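Student: Chains W and G, in that order, are what the protein sequence lines are. Under our numbering, think of the first position of the first sequence as 1, with each following residue one higher. Under our numbering, think of the first position of the second sequence as 1, with each following residue one higher.
2 protein chains.
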Amino acid sequence: MKKFWITDGKVSIEEVVALVTRREAGAINTFIGTVREFTKGKKTLYLDYQAYIPMAEKKLMQIGEEIKKKWPDAETAIVHRVGRLDISDIAVVIAVSTPHRADSYEASRYAIERIKEIVPIWKKEHWEDGETWVGNQLETTPYPKGYPEVKNND
Amino acid sequence: MKKFWITDGKVSIEEVVALVTRREAGAINTFIGTVREFTKGKKTLYLDYQAYIPMAEKKLMQIGEEIKKKWPDAETAIVHRVGRLDISDIAVVIAVSTPHRADSYEASRYAIERIKEIVPIWKKEHWEDGETWVGNQLETTPYPKGYPEVKNND
Numbered sequence: 001m002k003k004f005w006i007t008d009g010k011v012s013i014e015e016v017v018a019l020v021t022r023r024e025a026g027a028i029n030t031f032i033g034t035v036r037e038f039t040k041g042k043k044t045l046y047l048d049y050q051a052y053i054p055m056a057e058k059k060l061m062q063i064g065e066e067i068k069k070k071w072p073d074a075e076t077a078i079v080h081r082v083g084r085l086d087i088s089d090i091a092v093v094i095a096v097s098t099p100h101r102a103d104s105y106e107a108s109r110y111a112i113e114r115i116k117e118i119v120p121i122w123k124k125e126h127w128e129d130g131e132t133w134v135g136n137q138l139e140t141t142p143y144p145k146g147y148p149e150v151k152n153n154d
Numbered sequence: 001m002k003k004f005w006i007t008d009g010k011v012s013i014e015e016v017v018a019l020v021t022r023r024e025a026g027a028i029n030t031f032i033g034t035v036r037e038f039t040k041g042k043k044t045l046y047l048d049y050q051a052y053i054p055m056a057e058k059k060l061m062q063i064g065e066e067i068k069k070k071w072p073d074a075e076t077a078i079v080h081r082v083g084r085l086d087i088s089d090i091a092v093v094i095a096v097s098t099p100h101r102a103d104s105y106e107a108s109r110y111a112i113e114r115i116k117e118i119v120p121i122w123k124k125e126h127w128e129d130g131e132t133w134v135g136n137q138l139e140t141t142p143y144p145k146g147y148p149e150v151k152n153n154d
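1. Given that a residue counts as buried once 16 or more other Cβ atoms are within 10 Å of its Cβ, and exposed if not, what is Gly-157 of chain W?
2. Of all the options W:His-100, W:Lys-58, W:Ala-25, which has the alpha carbon lying nearest to the alpha carbon of Glu-115 of chain W?
3. For Lys-3 of chain G, which of helix, strand or coil comes out of DSSP?
4. Just how far apart, CA to CA, sit Asp-86 of chain G and Ala-18 of chain W?
5. Have a look at Val-104 of chain G and Ala-95 of chain G and give me their C-alpha separation to the nearest angstrom.
6. What's the C-alpha gap between Val-134 of chain W and Gln-50 of chain G?
7. Closer than 7 Å by beta-carbon distance: list the chain W residues that pair up with Ile-28 of chain G, in chain order.
8. Rounded to whole angstroms, what is the Cα-Cα separation between Trp-127 of chain G and Leu-45 of chain W?
9. I want to see whether chain G comes within less than 9 Å of Thr-7 of chain W, judged by CB atoms only; does it?
10. Mind listing which residues of the region 37-56 of chain W have their C-beta closer than 9 Å to chain G's C-betas, in chain order?
11. On a CA-only basis, which of G:Gly-83, G:His-80, G:Val-119, G:Ile-28 is nearest Ala-74 of chain G? Give me that one, please.
12. Just to confirm the assignment, what range does the beta strand (DSSP E) spanning Ile-161 of chain W have?
13. Residues of chain W with CB closer than 8 Å to the CB of Ala-25 of chain G, please, in chain order.
14. So Thr-21 of chain W contacts chain G; which residues on that side make the cut at Cβ distance below 7 Å?
15. Apply the 10 Å Cβ neighbour rule to Phe-38 of chain W and answer buried if 16 or more other Cβ atoms are within range, or exposed otherwise.
16. What residues from chain W crowd round Glu-14 of chain G, counting only those whose CB sits closer than 9 Å?
17. What residue does the alpha helix (DSSP H) around Ala-56 of chain W start on, and which one ends it?
18. Residues in the same chain with beta-carbon distance under 6 Å from Ala-25 of chain W, minus the five sequence neighbours each way, listed in chain order, please.
19. Count the other CB atoms, across all protein chains shown, that sit within 10 Å of the CB of Glu-15 of chain G; report buried if there are 16 or more and exposed otherwise.
20. Pull up the distance between the alpha-carbon of Leu-60 of chain W and that of Val-82 of chain W, whole angstroms please.
21. So Ser-88 of chain W and Thr-30 of chain W are in contact, right, with Cβ under 8 Å, and what is the actual spacing, rounded?
22. Quick one: is Ile-112 of chain W near chain G, going by C-beta distance under 9 Å?
23. Name the DSSP beta bridge partners of Arg-160 of chain W, please?
24. Can you tell me the Cα-Cα spacing of Val-79 of chain W and Phe-4 of chain W, whole angstroms?
25. State yes or no: is the C-beta of Arg-101 of chain G within less than 9 Å of the C-beta of Ile-112 of chain W?
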C-alpha cells in the first residue's frame, strides 16, 4: 500500500493513521496542516498548491527513509493535497507510529520540517487584495524555473 | 460542546480534530495512544482502564486551561477511553490547534505528559500469564485507596 502520496481530493486523517497503526505501536503522532485565514494581518481567501507530482512523492518517500534511519522503530505515512484549498481545509497529514511516545513527536516534527525543505510543492496565496506565488514552502525561493509557469494573474 | 471527556466507546480521531479546527489555525498536532502488544518482552492480551470519571474529566479540563495559559493561541480537545481495550485500540486522543506548527507540537506533548501525571485513570494489564494493576499511568503509585477497589483476580 502506498504510504507517501499527493492527492487532489479531500484528505482523510483516519486513512493516514490506519497506514501506521500496528501491534508494536503505543504512540501515533499526527501533524495536520490546515489553511489559515490570516497571515501577518493579511486575509487569505483560498490557496492553490501545485506540485511536480512524481518528484514530490519521491521526496516524501525519501523523508520516510530518513526517519527509518533515525528512528528504526518508526512507521511513517504522509499525504499532501494539491489544487484549490479553502480556509481550514487540510493540506498535509503526517502520521508516525512508534513503540514509545517521545519518538513519535520527534519523528513527526522532523517530517514536517523536511517537507518544507525538500518537497517540490508551491503555494499560491489568493489574498483579499491580490495573488502571490509564495514559492517553496520555506518561502525562501521564488516559483522555480523549469517547472510549468503559472502567471500571477491567471 | 464538550472538549474534554471520558468514554467507554470507540474513539474517533476526526471527531476530536473537528473540535479544534478553526480559521485561525494552520497546524493541528494530535497524539494518539494505542494499546501495544509487547512491553519489555511481555505479551499483553488486552487492557482494562478504569477512571473516576468526574474527576478524570475535571483534570483533563484543567490540562486544557494550563495549555491556554502557556499557549494562549492554542485550542485543545482530549478524549480518554475506559473499559476493555484490545491491541491497537485507541486509549487517548489529544488534538491541539495553533496558528503555527511549533506550538502545536509543544502543547500536545505537554498534554500527554500531564495526563499521565494528574488524571486518575488506572490500567490493568492482562498479560499472557496473569494480570496486574499498573496503578497510575506513570506507574509510580499503586491502585489508590479511596477509589472503588478492584480485585486483581476479578
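Built from N, CA and C at the ideal position, the CB exists for glycine as well. Every value quoted in this text rests on a predicted model; they were computed, and no experiment measured them.
Tutor: In brief:
1. Since the first residue of chain W shown is 1 and the last is 154, residue 157 of chain W is not available in this structure.
2. One point to set straight first is that residue 115 of chain W is Ile, not Glu, in the sequence displayed. For the residues W:His-100, W:Lys-58, W:Ala-25, the minimum Cα distance to Ile-115 of chain W belongs to W:Lys-58.
3. coil
4. 16 Å
5. The question names Val, but residue 104 of chain G is Ser in the sequence shown. So the two alpha carbons sit approximately 9 Å from each other.
6. 50 Å
7. Ile-32, Thr-34
8. 54 Å
9. no
10. Glu-37, Phe-38, Thr-39
11. G:Ile-28
12. Lying before the first or after the last residue shown, residue 161 of chain W is absent from chain W, which here runs from 1 to 154.
13. Thr-34, Arg-36, Ser-88
14. Thr-34, Ser-88
15. exposed
16. Ser-12, Ile-13, Glu-14
17. 53-70
18. Ser-97
19. exposed
20. 14 Å
21. Not quite, the Cβ-Cβ distance comes to about 16 Å (not below 8 Å), so this is no contact.
22. yes
23. With chain W covering 1 to 154 only, the question about residue 160 of chain W has no answer from this structure.
24. 6 Å
25. yes
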